[in-house]
Amino acid sequence: MVEALVTFILQKWSEQLKQQPPLLHGAMKDVEWIHGELQRVRIEREKPVASRLRLLRRVVFESENAIDEFMVSLASDDLNFIHHQKFSIRFMRVRRDFEEIHRGIDECRLKASTKVKISGVSSRFSGECDLVGCEKDLKQVEEWLMGGEKQKRSLISLVGVDDGLGKNSLAKKAYHFMERHFDCFAWAFVSESVNIRDLLNRILKAFYKKQRREEELQEAILSYLQGKRYGIVLDIWEVSVWEELKSAFHLEGNGKIIFTTSNESINLDKEVFHVHMLSTLSNSLALELFCKKSFHGECPKYLKELAHNMVKNCHGLPLTMVTLGGLMARIGTDPTDWKTILEDLDGAQNLDGSVNQYCFLYCALFPKGYEITKNTFIKLFTPEDVAGDYFMELVDRGMLKPIMHYYDSNLRRCRMHNLLHAFANQMLEKEDFGVIHTPKITKFTKWVRRIGIHNGTTGDLTEIGKLNLRSFIMTSIHQLPSYMNQVILSPKLLRVLVLEDVAIKKLPQEVGDLIHLHYLSLVKSGIKALPASIGKLQNLLSLCAEKTEVTSLPAEIRALHKLRHLVVGDYAKRVVLVPSGIKNLSNLQILVGVMIDYNSIDELISLTQLMKLDMGEVKDRDELRKLCNSVHKMRRLRHLAIHMSSSNVKDRSKHQELGILMPPPNLEDLYFNGSLKELPKWVASHNSLRMVQLVGAKLMEDPLSIFCQLPNLVYLGLEDAYMGRKMGCSAKAFPKLRSLDLARMETLEEWTEIKEGSFQKLEYLAIGDCMKLKRLPQGFQQLNALQRLLLVNMQEEFVRRVSIGGEDHLMVQQVPRILVSHKYDEKMRLFSS
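Positions 353 to 1185 (the working numbering) are the ones given, in order, by the sequence shown.
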């Protein structure tokens, strides 16, 4: 994970360094030095330094913070000596941290070569209430608690380098032991930004309730503990915190202090000090614990091999086994489900340390069950040079579950399995990657860089504004606090801002200060207009504002020269007016949900990088002609959707001439909503077409006979697209078609015989509002691949014929599902063959 992070930062800043002017020579040398150290760390990272990964992550974070904030200063108008001085001070701190890392690397190598070990061996403890594998651990700690010199303070450190080894669980068992045998006892969690006075107050409060100043607290604790056997558990990262606390506790006293820490390099002089290293569970104990959680006892014989393989994926970490066991208990005992989940877990293990793990954890920041589209995935990771290949690899490994559309063999969206989502949430904090916020969370460590807030109320968000966030993801929040704008705008280094299905009316002008922002999503929010300051977001790559109340974009949008994805409006239902000057957005690859003024349509010819264009409210033939002239120049275009204006669609006399369109060579998807007298000649031979949908075309020539020989067509949708009485096609037609929609064919009376070899891959067929069509075509029973037949608002006679006992039922008895409805949105009646 650290390697992926370092790789990303190196890629990100390599180009930035090349672009800076020589005037900033001194400061840029510092930035280049950090750049070099990141490369060095990436090369030197190896297993002996695994225990220092958290420090390494945080030094990398601090390096990125320093560089990002320096770049903010470069972008401002008030760059001066003070900014350089501030950066120099931070640079010195980063340099010291890197020196410490390199010293640690050398020390770890030395330890590895001489096989030096800290004393203390044990098996491991797992769940808070589970004693599997913890007996020796607990017995050793209890002996230390009760042994030693009665008038000498002693320290006990429970060390677990990896998260999930059970440090806290063992400490809780020890604490319960103290409750039975000690005069007084306290438990304190010590955060990284610890306030000693607050910590002492909490310890004293555990003894008796009173608030005092720090000096008084130390005296009060010393006095209170005089002659008492006491015990304290400190849940900390750095044992050095003890140096600031120990004056409150007599060295000559009958006290036992337990630390839980991930830091194995501990050296405290003049102290009675025990170090207990926690290890992973043996295979047999691990299996016993897993089965205890999964089956509340004995594992069924037919699941033993699968259970054993699942335990392997837990690497002996008790917390992981407890979590996985609890989740499997809810899954049930179906071997098929267990095999599926095991495959997912195997894929998850192979993600460790890779950019794929980075992408996987990022997906976990979205809510459970969230459907993430491939396009969204690509937009999120474009600046990290991660795109569709990583998406497909995560799907192939089972990390993301594909959601296939009946009409398309292409994978366009997916979701994370609930089990993996639970595991990923554990990894988020372990890897310092991010956190899912809940109303119960009020404090965050300063290293939190990504946050997800979902579903329902938000709780207290005031602390979030103090963090160096890079990603803020909020979904399905319908009640926002009054200070929400401050929360959003405070993290000046923000790169990703997602406010999806959020009750926010407008973005403040200050959003323009988020100069690092590269992804802004306002999907289904209450936004009614975008502020003019959006033009200041010079690094913005993706702007998504579909299904909002926005009706037009500000003129300043044309200043976003790096913008690649502009998705607004609500497709055919509502479009957003784009101002003149769109030709300046020469890097655009996706432009969806827009309408463009007649005088500005010619500017589209400059958008030669476009891969997807979805344009609405094209008013007449002249506008269509200008649009087609521009489209011809878009050699990379794969998806084209044209919606004529509603008045034009309703007027059947206004036929459009699509023949003037000379399609780009790689065009795959074509959608046209408008009246056409005839299809252009090129359609029948444009072999790259995969999806075609015509709405309101009102053709006089049978469209099936035109499209039938396209070798790669997988979806064909025809709605009010044909005015003839008969429809059919030749033999061996539609070799790859998977889905066919026929709707509102008001004059269609007969679908002629399906000839041999036709529709061999058809899986889905929908027929709706074809009121004159009396029956299915002869040869329908040859459609052996058909999985679903949907009939919507068809004549009762048509429905009767295909129902059980009807004349045509034999034609459809091989179809697994036949659904009948009187409306497209009505709950459908289901006939089973």
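For glycine and all other residues, C-beta sits at the position ideal for the given N, C-alpha and C.
Query	Result
Closer than 7 Å by C-beta to K720: which residues in its own chain qualify, once you throw out the five before and the five after it? Chain order, please.	N770 and H773
Got a sec, what are the start and stop residues for the alpha helix (DSSP H) T728 sits in?	K726 to F733
Hey, is the segment 980-990 in contact with the segment 1023-1034, meaning 3+ C-beta pairs nearer than 8 Å?	no
If you count every other CB in all the chains shown that lies within 10 Å of the CB of P1168, and 16 or more means buried, which is it?	exposed
Kindly list the residues whose CB is nearer than 6 Å to the CB of C896, restricted to its own chain and excluding five residues on each side of it in sequence; keep chain order.	S873, V875 and V919
Just to confirm before moving on: does the CB-CB distance between R802 and G786 stay below 7 Å?	yes
Bridge partners of L1103, per DSSP?	The residue asked about is misnamed: residue 1103 is Trp in this sequence, not Leu. Per DSSP, M1079.
Given this structure, state the Cα-to-Cα distance separating V850 from Y871, to the nearest angstrom.	8 Å
Whole angstroms is fine: what's the gap from L1186's alpha carbon to C643's?	The requested residue 1186 does not occur in the structure, where the chain is confined to residues 353 to 1185.
In chain order, which continuous runs of the beta strand (DSSP E) of length 3 or greater are located wholly inside the segment 831-882?	848-854 and 871-873
What would DSSP say about F529, mapped onto helix, strand or coil?	helix
Measuring only the C-alpha atoms, how far is K645 from I829?	35 Å
Three-state secondary structure (DSSP) at A993?	strand
Pop quiz: S842 and L717 are said to be a contact at Cβ under 8 Å. What is the actual Cβ separation, rounded to whole angstroms?	Not a contact, Cβ separation roughly 19 Å.
Considering only DSSP beta bridges, list what I1119 is partnered with.	L1094 and L1143
Skipping 5 residues on each side, what residues in its chain have a beta carbon closer than 8 Å to that of H667?	T632
Once DSSP output is grouped into helix, strand and coil, what is the label at A1049?	coil
Please state if the CB of A1073 and the CB of L1051 are separated by a distance shorter than 7 Å.	yes
By DSSP, does C715 sit in helix, in strand, or in coil?	helix
Please name the residue, chosen from L507, K525 and N520, that lies closest to E487 on a Cα-to-Cα basis.	K525
Rank V585, N520 and Q570 by C-alpha distance to the C-alpha of E596 and give the top, closest one.	Q570
Tell me, please, which residues DSSP counts as bridged to P754.	C766
Using alpha carbons as the reference points, say which of D587, K580, T612 and H626 lies closest to E604.	K580
Who are the near neighbours of S904 in its chain, counting only those whose CB is closer than 7 Å to its CB and skipping five residues on each side?	V928 and L929
In whole angstroms, what separates the C-alpha of N1044 from that of F1024?	One point to set straight first is that residue 1044 is Val, not Asn, in the sequence displayed. So the alpha carbons of these two residues sit roughly 8 Å apart.
Less than 6 Å between C-beta atoms, sequence neighbours within five positions excluded: which residues of the same chain meet that for I942?	H917 and K964
Kindly give me the distance between the Cβ atoms of D853 and S834, rounded to whole angstroms, as I take these residues to be in contact under 8 Å.	D853 to S834, Cβ: 20 Å. No contact.
Quick one: what does DSSP say T900 is sitting in, helix, strand or coil?	coil
Should E1115 and A1095 be called a contact, given that it needs their Cβ atoms to be closer than 7 Å?	no
Starting from L510, trace the beta strand (DSSP E) in both directions and tell me its first and last residue.	S506 to V511
Evaluate A855 with the Cβ neighbour count: other Cβ atoms within 10 Å of its Cβ, from every protein chain shown; 16 or more gives buried, anything less gives exposed.	exposed
Looking at the secondary structure, which residues open and close the alpha helix (DSSP H) in which R1152 lies?	E1148 to V1154
With DSSP as the reference, identify every bridge partner of G607, one or two as the case may be.	Y582
Report buried or exposed for E495, applying the criterion of at least 16 other Cβ atoms within 10 angstroms of its Cβ.	exposed
Going by beta carbon distance, what residues of the same chain come within less than 7 Å of K899, once the five residues before and after it are set aside?	V875, K876 and D922
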